[in-house]
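Asker: Quick one: the structure is below, and I'll ask about it shortly.
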Amino acid sequence: MGRSHIAMVGIPAPGHVNPGLEVIRELAARGYRVSYANDPSFRDVIEATGAGFVPYRSTLPEVAGPARGGGDPDRESGQASWEGDVIDQLSVFQRDYEAMLPQLRAAFESDRPDLFLYDIAAGPARILAMQWGVPAVQLSPTYVAWEGYEEDMRGFTDGLQADPRGRAYFDRQAAFLAGEGIGMDPAEFFGRPPRAVVLIPEVLQPNADRVNRDVYTFTGPALAAATGQWQRPAAAEHVLLVSLGSAFTDRPEFYRSCIEAYGNLPGWHVVLQIGRYVDPAKLGPVPANIEVHPWVPQLRILEQADAFLTHAGMGGANEGLFTGTPMIAAPQAVDQFGNADALVAAGAAVRIDSVTADAGLLRRALAEVRSPQIVARCAELSGQLRTAGGTKAAADVVEAVLADAQAGSGTAPRR
Numbered sequence: 003m004g005r006s007h008i009a010m011v012g013i014p015a016p017g018h019v020n021p022g023l024e025v026i027r028e029l030a031a032r033g034y035r036v037s038y039a040n041d042p043s044f045r046d047v048i049e050a051t052g053a054g055f056v057p058y059r060s061t062l063p064e065v066a067g068p069a070r071g072g073g074d075p076d077r078e079s080g081q082a083s084w085e086g087d088v089i090d091q092l093s094v095f096q097r098d099y100e101a102m103l104p105q106l107r108a109a110f111e112s113d114r115p116d117l118f119l120y121d122i123a124a125g126p127a128r129i130l131a132m133q134w135g136v137p138a139v140q141l142s143p144t145y146v147a148w149e150g151y152e153e154d155m156r157g158f159t160d161g162l163q164a165d166p167r168g169r170a171y172f173d174r175q176a177a178f179l180a181g182e183g184i185g186m187d188p189a190e191f192f193g194r195p196p197r198a199v200v201l202i203p204e205v206l207q208p209n210a211d212r213v214n215r216d217v218y219t220f221t222g223p224a225l226a227a228a229t230g231q232w233q234r235p236a237a238a239e240h241v242l243l244v245s246l247g248s249a250f251t252d253r254p255e256f257y258r259s260c261i262e263a264y265g266n267l268p269g270w271h272v273v274l275q276i277g278r279y280v281d282p283a284k285l286g287p288v289p290a291n292i293e294v295h296p297w298v299p300q301l302r303i304l305e306q307a308d309a310f311l312t313h314a315g316m317g318g319a320n321e322g323l324f325t326g327t328p329m330i331a332a333p334q335a336v337d338q339f340g341n342a343d344a345l346v347a348a349g350a351a352v353r354i355d356s357v358t359a360d361a362g363l364l365r366r367a368l369a370e371v372r373s374p375q376i377v378a379r380c381a382e383l384s385g386q387l388r389t390a391g392g393t394k395a396a397a398d399v400v401e402a403v404l405a406d407a408q409a410g411s412g413t414a415p416r417r
């Protein structure tokens, strides 16, 4: 009898692929046959984990490439755009569900998995799991629903329903599920998985005390060992990393403010990541204590840094918490505002407005985030995360669900 087959289904976005790669690597290392369905733009980074790549063509707007940007020149032109309001953006995901499902069915019909793992934005995998009678586990790179979530969000959803476009979106979603024989309410189906691994620290989860722990297991981030080369200068008393991630980096004016604030600041060495959109020449003169790069090995630097000015994306927040690095949170979009608030509430960060931040504010924020209270709290949170389990704990949950399903069906677990 062959090895148990675990199929992961994701979407082509770094913030959805990268957080779970080490879990996939761990499952493959434990002897399972792991398949990973995603757009071809992520083939290389997925195959590097030891998983077999299963291609499907996503209709989602093109995003930056797997780890350092770059995109896929073979992605279809004329795809949907992220422009518009929330209804437009939700509709983009619904269209992708409809395009994804038949491709997944064709890919796995003759090679059905023993368990589906799926990203929060890859709900069609759960449809196939229900239709084929196999277990499903959601792999969440962000926070999850809590008890009472739907009631707490009622005002928001009622507002969407009041717009004819919103009503059409909800009707389309319901018709999609009904057409597949799924009688569940769409909000419950997509928002309430049967079992889930949550790859974030609990301090970033809203209303963590109201999350059902029979369904959701918080393992903390599944981080790979730090890669890339960077060595803290011997003369540096303190190191500050400035990074706005990979997507929202076209901010030359913000980088100039950082150079003004931290250039020649006594005792401080600054690593400034500017992304792929900004020409370094637009930054003006750069003092000797600041190094400028389009990309940096972030985790490697954070292991040696004393402060981190971050956009508070989930990936950066995870790494900052794991390394115990005090953070200046400068959110710009989507979940970053909530993450920034959670970091401040946890005692691990101070928050600034990146749009209005000038050199004076940036210097004050750095002084504030180096307070003994924040430094000590960051060390405490880092210790908690390092004992939460991360990669191995996440793989243990998947393995246990698979073993329970096979025991219930009378099938011996296979490796």
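If you use my numbering, the sequence shown corresponds to residues 3 to 417, in order. Built from N, CA and C at the ideal position, the CB exists for glycine as well. What you are looking at is a predicted structure, and each value in this text was computed from that prediction instead of being measured.
#1: Locate the alpha helix (DSSP H) running through asparagine 20, then write down its first and last residues.
#2: Which same chain residues end up closer than 8 Å to aspartate 252 when comparing Cβ atoms and leaving out the 5 residues on each side of it in sequence?
#3: Looking at alanine 101: is its Cβ nearer than 9 Å to the Cβ of serine 60?
#4: Hey, is the region 219 to 234 in contact with the region 386 to 393, meaning 3+ C-beta pairs nearer than 8 Å?
#5: Residue range of the beta strand (DSSP E) that glutamine 275 falls in?
#6: Phenylalanine 118 by DSSP, collapsed to three states: which one?
#7: On the three-pair Cβ rule with 8 Å, is the region 84 to 102 touching the region 122 to 140?
#8: In the DSSP assignment, what residue or residues form a beta bridge with proline 313?
#9: Quick one: Cα of valine 298 to Cα of arginine 35, how far?
#10: On the three-state DSSP scale, how would you describe alanine 31?
#11: Could you tell me the alpha carbon to alpha carbon distance between alanine 319 and threonine 389, rounded to whole angstroms?
#12: Alpha carbon to alpha carbon, what distance is there between serine 93 and arginine 169?
#13: Pairs of beta-carbons, one from the region 301 to 320 and one from the region 359 to 375, closer than 8 Å: are there three or more?
#14: Using only alpha-carbon positions, find the residue among Pro21, Met10, Asp406 that is nearest to glycine 203.
#15: Cα-Cα, which of Ala31, Ser384, Ala15 is closest to glycine 222?
#16: Determine the direct distance from the alpha carbon of histidine 295 to that of leucine 130, and round the result to whole angstroms.
#17: Compare the Cα-Cα distances from glutamine 306 to each of Trp84, Pro268, Leu368, Ala236 and report the closest residue.
#18: CB leucine 29 to CB alanine 397, shorter than 9 Å?
#19: Give the secondary structure of arginine 353 by DSSP, where H, G and I count as helix, E and B as strand, and everything else as coil.
#20: Confirm, please, whether the CB-CB distance from serine 6 to glutamine 408 is below 9 Å.
#21: With DSSP run on the structure shown, which of helix, strand or coil describes tyrosine 279?
#22: When burial is assigned at 16 or more other CB atoms within 10 Å of the CB, is arginine 27 buried or exposed?
#23: In terms of residue numbering, what span does the beta strand (DSSP E) encompassing valine 139 cover?
#24: Could you have a look at proline 57 and say whether DSSP puts it in helix, strand or coil?
#25: With a threshold of 16 other CB atoms inside 10 Å of the CB of arginine 156, please say whether the residue is buried or exposed.
#26: Run through DSSP, which three-state label would leucine 364 get?
#27: Beta-carbon within less than 7 Å of glycine 322's beta-carbon, same chain only, minus the 5 sequence neighbours each way: which residues are those?
#28: Just confirm the distance between the C-beta atoms of phenylalanine 118 and alanine 147, as a whole number of angstroms; I'd bet it's less than 8 Å.
#29: For methionine 155, which of helix, strand or coil comes out of DSSP?
#30: Excluding sequence positions up to five away, which residues of its chain have a Cβ less than 6 Å from the Cβ of valine 244?
#31: For my contact list, alanine 435 and leucine 106 are in at a C-beta cut-off of 8 Å; report their separation, rounded to the angstrom.
#32: Here's the rule: buried if 16 or more other CB atoms are within 10 angstroms of the residue's CB, otherwise exposed. What is glutamate 64?
#33: Out of curiosity, what's the CA-to-CA distance linking glutamine 133 and glycine 12?
#34: If tyrosine 145 and leucine 206 are in contact, beta carbons under 8 Å, what's the gap, nearest whole angstrom?
#35: Would a C-beta distance cut-off of 9 Å place valine 25 and leucine 141 closer than the cut-off?
#36: Can you give the Cα-Cα distance for serine 373 and alanine 351, rounded to whole angstroms?
Answerer: In short, the structure shows the following:
#1: DSSP places asparagine 20 in no alpha helix (DSSP H); its state is neither H nor E.
#2: Closer than 8 Å at Cβ, skipping near neighbours: Gly277, Tyr279, Val280.
#3: Pairing alanine 101 with serine 60 gives a Cβ-Cβ distance under 9 Å.
#4: Touching, per the Cβ criterion.
#5: Taken as a continuous stretch (DSSP letters only), the beta strand (DSSP E) holding glutamine 275 covers 270 to 275.
#6: Looking at phenylalanine 118 - three-state DSSP - the assignment turns out to be strand.
#7: Taking one beta carbon from each stretch, the region 84 to 102 and the region 122 to 140 have 3 or more pairs nearer than 8 Å; the two touch.
#8: Correcting the residue type first, residue 313 is histidine in the shown sequence and not proline. For histidine 313, no pairing in a beta bridge is given by DSSP.
#9: When rounded, the distance between both Cα atoms is 33 Å.
#10: Correct three-state label for alanine 31: helix.
#11: Spanning the two alpha carbons is a distance of roughly 18 Å.
#12: A straight-line Cα-Cα distance of about 11 Å links arginine 169 and serine 93.
#13: A contact exists between the region 301 to 320 and the region 359 to 375.
#14: The amino acid at residue 203 is misidentified as glycine; the sequence shows proline. Ranking the options by Cα distance to proline 203, first place goes to Pro21.
#15: Nearest C-alpha to glycine 222: Ser384.
#16: Cα-Cα distance, rounded: 44 Å.
#17: Nearest of Trp84, Pro268, Leu368, Ala236 to glutamine 306, Cα basis: Ala236.
#18: In this structure, the beta-carbon distance from leucine 29 to alanine 397 falls below 9 Å.
#19: Under the three-state reduction of DSSP output, arginine 353 falls in the strand class.
#20: Yes, Cβ-Cβ distance for glutamine 408 and serine 6 is below 9 Å.
#21: Under the three-state reduction of DSSP, tyrosine 279 is assigned to coil, being neither helix nor strand.
#22: Classification for arginine 27: buried.
#23: That run of the beta strand (DSSP E) goes 138 to 142.
#24: Secondary structure of proline 57 (DSSP, three-state): strand.
#25: Under this definition arginine 156 is an exposed residue.
#26: Here leucine 364 sits in helix by DSSP.
#27: Leu304, Phe310, Thr312, Met329, listed in sequence order.
#28: Incorrect: roughly 19 Å between the Cβ atoms, too far for contact.
#29: In the three-state scheme derived from DSSP, where H, G and I count as helix and E and B as strand, methionine 155 is classed as coil.
#30: Contacts found: Cys260, Leu274, Leu311.
#31: Since the first and last residues shown for the chain are 3 and 417, residue 435 lies out of range.
#32: Glutamate 64 comes out buried.
#33: Answer to the nearest angstrom: the Cα atoms are 19 Å apart.
#34: Contact between tyrosine 145 and leucine 206 holds: CB atoms are separated by about 6 Å, below the 8 Å threshold.
#35: Cβ atoms of valine 25 and leucine 141: closer than 9 Å.
#36: Their Cα atoms are separated by approximately 10 Å.
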